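Structure record follows, encoded as structure tokens.
Numbering (the working numbering), first residue to last: 38 to 625.
Given below as structure tokens:
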């Protein structure tokens, strides 16, 4: 079949014969592909463009990457382990370049996180304290202490061995061909002194066993035991995983070793195959190996709960003893406080200081205070009192101090420091009491208003007042002047008191009124004036109620007044005599 070329095509071809022939060949080749592949050709072209074009590849993976990550994340944690180093580096770079933005972003969660961390730390502290307290007081802990003493180990080491099923101390990843250490992780305190030497020795031991015994190539050393430490080995194609364990691991932990070994060879297959001692390419392997650092505590054996009869009885006994002790202590304290209060309120006693713990006190004591009862009570109850002397001035103590001076017919009372006396006493006793009141500290004064003088001294006092009585007259006068009437009235009052002091059945008064005159005038005139003066005074006394039968008048004897100046001899005086009744009647 012949295909004619267009005219313009011919002209172009004529200009560039090589290009025309090349383009024609390409077109013919494409046409041949279309004829041979049919509709699949276009799909193949599109698929080729998707694989070779970078933009197309990006759009393709962007559409499925999220779902792919989600699906793989459900299968294992390989994605998390792969992304962890990248995320860590990104965070360090971001914090280093823009720390303020990172702090602002973390601010809403930092507060709750810190509070939660503090709460968990405190709770863990309480839990560990309770656990330590429980372990230190139980019978089991006593047995552990005996084991520690017997074996020479520390108590904490014995507790550790007794309460753990197993604990992984260190994990080593050792290159199988060279015996070099790829990576090592450990607890806070590892058991190996040199990790590189440890890996070399393990490799040497395995080679020694393989060379010395008839074993297959796939049979390798699985474990070694050194005292309480066991080395578990999990071989792989290019590396050996070794762990140092205390205790006996479970089958689950063996499975974890296998899984970890597979993860290492899957993620770091090229690095392990080409390993030449450089460990910088094993980024993120620390997290892979750290999952093997595990420990498992012994599960507490559930025991059937029994009623702790003896424990309950012991607790009741202890509580009863504490209750009885508290009650008796309360009664003792109450008795002590009551004793101190009573002693302090007792007149003449004063508490200076009291020691409630030692039951001792210092007190002041007046000599007349009633302290003997307190001394006896303190001796009985075991109290100690340090007495110091002092002088009290309260009314009760003043009364006791003054009581020693009382007589049978008198009584006293002290009120606000003033001494009040009642009863009958002599004049001498009155004077004594006044001296006593002035000498006793604290006595502010004395009141004798209710004190009566004794009968004999009262009568002598009245007789003395009458004997001192006289009325002076003017020259040649016998009438009592106004100035003399007051003295006459005092005489009447004194005579009435004297009459009241008499026993009317056995005694009575006899009054003699004597009149006197000076030397003026004749003898007869002087006697007449003297008699008139006596009669005038008698009449006055009778008018005031003195019975006339008890009074007689006379002219006074000049010798009785010879020592008196002449101008004062114009007077009247009264002389009193107390006579028995019968004798007075005989005289009448």
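Note that the Cβ used here is the ideal one computed from N, Cα and C, for glycine as well.
All values reported here derive from a predicted model rather than from experimental measurement.
Identity of the residue in the options nearest residue i by Cα
i	options	result
residue 433	551, 455 and 423	455
residue 404	438, 98 and 413	438
residue 121	238, 428, 320 and 160	320
residue 505	318, 528 and 358	528
residue 11	536, 561 and 523	Missing from the structure shown is residue 11; the chain here goes from 38 to 625 and no further.
residue 583	566, 347, 530 and 65	530
residue 499	534, 447 and 323	534
residue 436	219, 473, 210 and 462	473
residue 395	415, 224 and 409	415
residue 327	158, 336, 452 and 296	296
residue 17	441, 510, 501 and 69	Outside the modelled stretch of the chain, which goes from 38 to 625, sits residue 17, for which no answer is possible.
residue 323	149, 219 and 134	219
residue 452	563, 364 and 482	482
Per DSSP, the bridge partner or partners of residue i
i	result
residue 484	457
residue 192	In the DSSP output, where bridge partners are listed per residue, residue 192 has none listed.
residue 277	211 and 272
residue 79	Answer is none; residue 79 lacks a bridge partner.
residue 218	211
residue 452	455
residue 261	268
residue 332	204
residue 324	Paired residues: none, contrary to the question.
residue 316	Beta-bridge pairing links residue 316 to no other residue.
residue 447	460
residue 283	204 and 266
residue 424	400
residue 183	In DSSP, residue 183 forms no bridge with anything.
residue 489	461
residue 223	207
residue 592	552
Under 7 Å between C-beta atoms of residue i and residue j
i	j	result
residue 401	residue 427	yes
residue 34	residue 485	Nothing in the structure corresponds to residue 34, since the chain is present only between 38 and 625.
residue 325	residue 300	yes
residue 546	residue 587	yes
residue 411	residue 380	yes
residue 195	residue 181	yes
residue 385	residue 430	no
residue 308	residue 317	no
residue 489	residue 447	no
residue 260	residue 266	no
residue 224	residue 209	no
residue 399	residue 423	yes
residue 101	residue 109	no
residue 279	residue 330	no
residue 521	residue 508	yes
residue 568	residue 536	no
residue 335	residue 188	no
Residue i Cβ short of 6 Å to the ligand NAD heavy atom set
i	result
residue 404	The ligand NAD is absent from the structure shown, which contains no ligands of any kind.
Under 8 Å, with one C-beta from each stretch per pair, do the region 265-280 and the region 81-93 reach the 3-pair mark?
no
Taking one C-beta from the region 371-379 and one from the region 389-404 each time, how about it: are there three or more such pairs within less than 8 Å?
yes
So, do the region 207-215 and the region 302-317 have three or more beta carbon pairs nearer to each other than 8 Å?
yes
I'd like to know if the region 564-577 and the region 542-552 are in contact, where contact means that at least 3 CB-CB pairs between them fall below 8 Å.
yes
When you compare the region 201-211 with the region 275-287, are there three or more beta-carbon pairs, one atom per stretch, that lie closer than 8 Å?
yes
Scan the region 353-417 and note each continuous beta strand (DSSP E) run of 3 residues or more that stays entirely inside, going in chain order.
386-392 and 397-402
List in chain order: all unbroken alpha helix (DSSP H) runs of 4+ residues lying wholly within the region 76-132.
77-89 and 91-112
Tell me the start and end of each unbroken alpha helix (DSSP H) in the region 519-590 that is at least 4 residues and wholly inside, in chain order.
519-537 and 560-580
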